[in-house]
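Chains as they are written, first to last, in my numbering: chain V, 628 to 861; chain H, 3 to 50; chain E, 585 to 808.
For glycine and all other residues, C-beta sits at the position ideal for the given N, C-alpha and C.
Computed from a predicted model, the values in this text were never measured in an experiment.
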Amino acid sequence: MSLKQILPALLALAGGLLLAAGWWLIFMYAPTEAIMGAIQKIFYIHLPLSWWALFSFFLVFLCSVAYLVRPGEHLDRIARSCAEIGVLLTTLTLVTGMLWGRKAWGVWWTWDPRLTTALIMWFIYTAYLLLGGLNLSEQRRRMVRAVVGIVAFADVPLVFLSARLWRSIHPAVFANESGGLEPEMKLVALFSVLAMGFFWLGLVLVRCQQLKSQDRIEDLLSTEQNREEQTEQL
Amino acid sequence: MTEPWVLYAGIAVWAGLGGYLVFLAINQQRLARKISQLEQLKLEDNED
Amino acid sequence: MLKLALALARKDLSLALRGAGLVQSILLGLLLVFMFSLSQKTGSLASGQMAAAIFWLSSLFCQTLVFNMLFAFEETQGARTCLLLSPAPVTDIFLGKALAGFVLIFLAQILFFPAIIVFLGQTVSQSWPMGLLMLFLADTGLACLGALLGALSQGQTARESLLSLLVFPLLAPLLLAAISVFAAVFGEQAGEDPTSWIGFSAAFDAIFLAIALMLFRFVYTGED
């Protein structure tokens, strides 16, 4: 087995181990927040999830632009895997954020710009994933996905801006929750982001490979079937 | 660790990531089935 | 240059006004207004914010139906290829569809507005010129995204539900702006300056008009 074949799995494995190590750091190394207490530890999970989710969607956008400039199947596959994993990470971001908010703010949900943006992003990219089920030709489906990938990412900053205008008076704590971190806390947060990054990259690459073999197998099967039909006619 | 909410968050995250891995594995199995289907077709061709 | 756009818009408008399509979407909007009035206790009046939200939700549903109808004209007749073969830029088709959609949504809103005033007991305040401007901007955004994404699902039977799934969250920022300004029009004390909402909507329209003009040629093709 060549390195290229097992690299994704290795990355995912390394990411998983690093994540586990990160958990140990979160509970053993990071100091407990003075005001919020132990609940603040959710932050170390929440932050990497949201960053990598946003990065995934950014990558969807880049791949979509690249696809329209020069169509290539691999670009579509990267965009698809990134969108899938981005939706997964956004879901987890929302869940961890809600759990944190229940304890820290006393409510599950508040219409803070970030929360609103994350939720709307989740809706948009879930719809993007549903495009795969459309009954279209493979080429057209890729084109549709690329167009939606661009439109969706253009909408994200607008959603954030509008949510900020809408709820202009919100406590400053929401805005600088990461402000005033102690050095140890910063270190742990950085470590968590890196660990999640490895895991993320591994997942994306594994999914890309899988999608690639799926496409190839489906191609082979359809040509085989066509051939059989032709021989039957003869 | 006296904070149950952190635990819940941890469970949710690992369940989510694990769930995705399960999804990938199921997909892989489906692909394996299709490959064996292809092999079957190949065999039938050779017999002809 | 815009000859085809205008001709297409005129053709679509005459087709839409002749058939039952527009009536259907207007009826759905009016029904929504009526249904929402069920959520109130007898004798109490809806807040301006709520009335504004209902007005724009009705417009949103109307927009989805209108653009499904507009793109179905070509699909059912198999005329999309003919349209694409005409010696005019594809963006003209986009502009024509968007223009027709804009007019149809506006016509529907002319009926929705008095319905909201009557059924939800609203009064129009001094800031109505602001509302008119907002109406124009929001309808432009609705028409832009509707014309771009309406074309996405060509040759697709499940297009209605998918179109709305995509369009609703994408339009969320614009609707937020429109609802805030209309709440002020219905006499609600505005929390923030409505002019900043107007500026925001103009930016939204500019961005999505540019994107739609660039991307429409990828979406509206001869393929099935």
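**OP:** Have a look at E/Leu799 and V/Arg741 and give me their C-alpha separation to the nearest angstrom.
**Re:** Residue mapping note: residue 799 of chain E aligns to position 215 of the third sequence, counting from 1. Residue mapping note: residue 741 of chain V aligns to position 114 of the first sequence, counting from 1. A straight line joining the alpha-carbon of E/Leu799 with that of V/Arg741 spans about 28 Å.
Original post:
At which residue ranges does the stretch 730-800 of chain E contain complete alpha helix (DSSP H) runs of 4 or more residues, listed in the order of the chain?
Top reply: For the alpha helix (DSSP H) assignment, the uninterrupted runs of no fewer than 4 residues enclosed by the stretch 730-800 of chain E are, from N- to C-terminal side, 743-769.
Original post:
Hey, does V/Arg767 have any beta-carbon neighbour from chain E nearer than 7 Å?
Top reply: As a first step, residue 767 of chain V must be located in the first sequence, where it is residue number 140. Nearest CB-CB separation between V/Arg767 and chain E: below the 7 Å threshold.
Subject >> 8 Å contact criterion, which E/Leu719 and E/Gln693 should meet: CB distance rounded >> reply: As a working note, residue 719 of chain E is residue 135 in the third sequence. As a working note, residue 693 of chain E is residue 109 in the third sequence. The pair is a contact, with the Cβ atoms about 7 Å apart (cut-off 8 Å).
Subject >> Length of the line joining the Cα atoms of V/Leu702 and E/Met619 >> reply: The residue given as residue 702 of chain V occupies position 75 in the first sequence. The residue given as residue 619 of chain E occupies position 35 in the third sequence. Approximately 46 Å, taken between the alpha carbons.
Original post:
Are the C-beta of V/Ala802 and some C-beta of chain H separated by less than 7 Å?
Top reply: The count along the first sequence starts at 1 and reaches residue 802 of chain V at position 175. Note on V/Ala802: pLDDT 47, under 50, position unreliable in the model; no value is reported.
**OP:** Can you tell me which of H/Asp47, H/Leu45, H/Leu23 and H/Leu40 puts its alpha carbon nearest to the alpha carbon of V/Arg843?
**Re:** Position 216 of the first sequence, counted from the start, is the residue given in the question as residue 843 of chain V. Considering only alpha carbons, the answer is H/Leu40.
Subject >> C-beta atoms of V/Gly776 and V/Val687 nearer than 7 Å >> reply: Numbered from 1 along the first sequence, position 149 holds the residue referred to as residue 776 of chain V. Numbered from 1 along the first sequence, position 60 holds the residue referred to as residue 687 of chain V. Contact flag set, yes.
**OP:** Using the Cα positions of E/Asp789 and E/Gly806, report the straight-line distance between them to the nearest angstrom.
**Re:** Sequence index remark: in the third sequence, residue 789 of chain E carries index 205 (1-based). Sequence index remark: in the third sequence, residue 806 of chain E carries index 222 (1-based). So the two alpha carbons sit approximately 28 Å from each other.
Subject >> With 16 other Cβ atoms within 10 Å as the buried cut-off, status of E/Lys681 >> reply: Locating residue 681 of chain E in the third sequence gives position 97, where the first residue counts as 1. Within 10 angstroms of the beta-carbon of E/Lys681 lie 16 or more other beta-carbons, which makes it buried.
Original post:
Can you list, in chain order, the residues of its chain whose CB lies under 6 Å from that of E/Ser628, leaving out five sequence neighbours each side?
Top reply: For the purposes of this step, residue 628 of chain E is taken as the residue at position 44 of the third sequence. Closer than 6 Å at Cβ, skipping near neighbours: no residue.
Original post:
Using 8 Å as the threshold, is the stretch 671-679 of chain E in touch with the stretch 630-639 of chain E, meaning 3 or more CB pairs across them?
Top reply: Under the three-pair Cβ rule at 8 Å, the stretch 671-679 of chain E does not count as touching the stretch 630-639 of chain E.
**OP:** Give me the Cβ distance between E/Leu726 and E/Leu755, rounded to the nearest whole Å; I'm assuming they're in contact under 8 Å.
**Re:** Working through the third sequence from its first residue, we reach residue 726 of chain E at position 142. Working through the third sequence from its first residue, we reach residue 755 of chain E at position 171. Right, their Cβ atoms sit about 7 Å apart.
**OP:** Using a Cβ-Cβ cut-off of less than 7 Å, give me the residues of the stretch 841-860 of chain V that come near chain H, in sequence order.
**Re:** Residues of the stretch 841-860 of chain V with a Cβ closer than 7 Å to any Cβ of chain H, in chain order: Gln841, Ile844, Leu847, Leu848 and Glu851.
**OP:** Indicate whether at least one CB of chain V lies closer than 7 Å to the CB of E/Ala735.
**Re:** Here residue 735 of chain E corresponds to residue number 151 of the third sequence, with the count starting at 1. Among the residues facing chain V, E/Ala735 is not included, as its CB has no counterpart in that chain under 7 Å away.
Subject >> Proximal residues to E/Trp781 (C-beta, below 6 Å), its chain only, five neighbours per side dropped >> reply: The residue given as residue 781 of chain E occupies position 197 in the third sequence. Only Ala761, Ser764 and Val765 meet the Cβ criterion.
Subject >> Residue-level contact to chain V via CB, H/Leu33, 7 Å cutoff >> reply: Along the second sequence, one-based indexing puts residue 33 of chain H at 31. So, interface residue.
Original post:
Taking C-alpha atoms, which residue in E/Gly730, E/Leu721, E/Ala731 and E/Phe784 lies nearest to V/Leu788?
Top reply: The count along the first sequence starts at 1 and reaches residue 788 of chain V at position 161. Comparing Cα positions, the closest option is E/Phe784.
**OP:** Compare the C-beta of H/Glu52 with all C-beta atoms of chain V and state if any pair is closer than 7 Å.
**Re:** The question about residue 52 of chain H has no answer here: the residues shown for chain H are numbered 3 through 50.
Original post:
Which value, in whole angstroms, describes the spacing of the CA atoms of E/Leu654 and E/Ala600?
Top reply: As a position in the third sequence, residue 654 of chain E is number 70, starting the count at 1. As a position in the third sequence, residue 600 of chain E is number 16, starting the count at 1. Just so you know, the alpha carbons of E/Leu654 and E/Ala600 end up roughly 8 Å apart.
Original post:
In chain V, what lies closer than 9 Å to H/Ile20 by C-beta?
Top reply: Counting from one through the second sequence, the residue named residue 20 of chain H turns up at place 18. Per the sequence shown, the amino acid found at residue 20 of chain H is Gly instead of Ile. Correct list: empty, because the minimum Cβ distance to chain V is about 10 Å.
**OP:** For the alpha helix (DSSP H) holding E/Met625, just list the boundary residues, first then last.
**Re:** For this step, residue 625 of chain E is matched to residue 41 along the third sequence. The question names Met, but residue 625 of chain E in the sequence shown is Lys. Annotation: E/Lys625 is outside any alpha helix (DSSP H) and is labelled neither H nor E by DSSP.
**OP:** Determine the burial state of E/Lys529: buried for a count of at least 16 other Cβ atoms within 10 Å of its Cβ, exposed for fewer.
**Re:** Outside the displayed range of chain E (585 to 808) lies residue 529 of chain E, so it cannot be described from this structure.
Original post:
Taking the C-alpha atoms as reference points, what is the distance between V/Lys668 and V/Phe654?
Top reply: For the purposes of this step, residue 668 of chain V is identified with residue 41 of the first sequence, where counting begins at 1. For the purposes of this step, residue 654 of chain V is identified with residue 27 of the first sequence, where counting begins at 1. Whole-angstrom Cα-Cα distance: 8 Å.
Original post:
Shorter than 7 Å from the beta carbon of H/Ala14 to some beta carbon of chain V?
Top reply: Translated into the one-based positions of the second sequence, residue 14 of chain H becomes position 12. Yes - at least one Cβ of chain V is within 7 Å of the one on H/Ala14.
Subject >> Buried/exposed call for V/Gln852, threshold 16 Cβ in 10 Å >> reply: Along the first sequence, read from residue 1 onward, the residue named residue 852 of chain V stands at position 225. Counting other Cβ atoms within 10 Å of its Cβ, V/Gln852 stays below 16 and is therefore classed as exposed.
Original post:
If E/Gly613 and E/Ser642 are in contact, beta carbons under 8 Å, what's the gap, nearest whole angstrom?
Top reply: Locating residue 613 of chain E in the third sequence gives position 29, counting from the first residue. Locating residue 642 of chain E in the third sequence gives position 58, counting from the first residue. The Cβ separation is near 4 Å, so the contact holds.
Subject >> 4-residue-minimum alpha helix (DSSP H) runs that sit fully inside the stretch 648-695 of chain E, ordered along the chain >> reply: Taking only runs of at least 4 residues, the alpha helix (DSSP H) segments lying wholly in the stretch 648-695 of chain E are 664-669.
Original post:
Do we get a CB-CB distance below 7 Å when we pair E/Ala756 with the residues of chain V?
Top reply: Numbered from 1 along the third sequence, position 172 holds the residue referred to as residue 756 of chain E. Chain V, which has a Cβ nearer than 7 Å to the Cβ of E/Ala756, makes this yes.
**OP:** Could you please give me the residues that DSSP links to V/Glu660 through a beta bridge?
**Re:** Here residue 660 of chain V refers to the residue found at position 33 of the first sequence. DSSP, once it has assigned bridges, lists V/Gly664 as partnering V/Glu660.
**OP:** Determine the direct distance from the alpha carbon of E/Leu597 to that of E/Phe651, and round the result to whole angstroms.
**Re:** The residue you call residue 651 of chain E lines up with position 67 of the third sequence. The residue you call residue 597 of chain E lines up with position 13 of the third sequence. Their backbone Cα atoms lie some 12 Å apart in a straight line.
**OP:** Buried or exposed for V/Ile712, please, with buried defined as at least 16 other CB atoms from any protein chain shown within 10 angstroms of its CB.
**Re:** The residue you call residue 712 of chain V lines up with position 85 of the first sequence. Counting C-beta atoms within 10 angstroms of its own C-beta, V/Ile712 has 16 or more neighbours from the protein chains shown and is therefore classed as buried.
**OP:** Work out the CA separation of V/Glu855 and H/Glu46 for me, nearest whole Å.
**Re:** In the second sequence, the residue the question calls residue 46 of chain H occupies position 44. In the first sequence, the residue the question calls residue 855 of chain V occupies position 228. If you take the alpha carbons of H/Glu46 and V/Glu855, they lie about 11 Å apart.
Original post:
If we call anything under 7 Å between Cβ atoms a contact, is V/Leu646 one with V/Phe826?
Top reply: For the purposes of this step, residue 646 of chain V is identified with residue 19 of the first sequence, where counting begins at 1. For the purposes of this step, residue 826 of chain V is identified with residue 199 of the first sequence, where counting begins at 1. Contact flag set, yes.
Original post:
Is there a Cβ from chain V that is less than 7 Å from the Cβ of E/Val751?
Top reply: Working through the third sequence from its first residue, we reach residue 751 of chain E at position 167. It does not; no Cβ of chain V falls within 7 Å.
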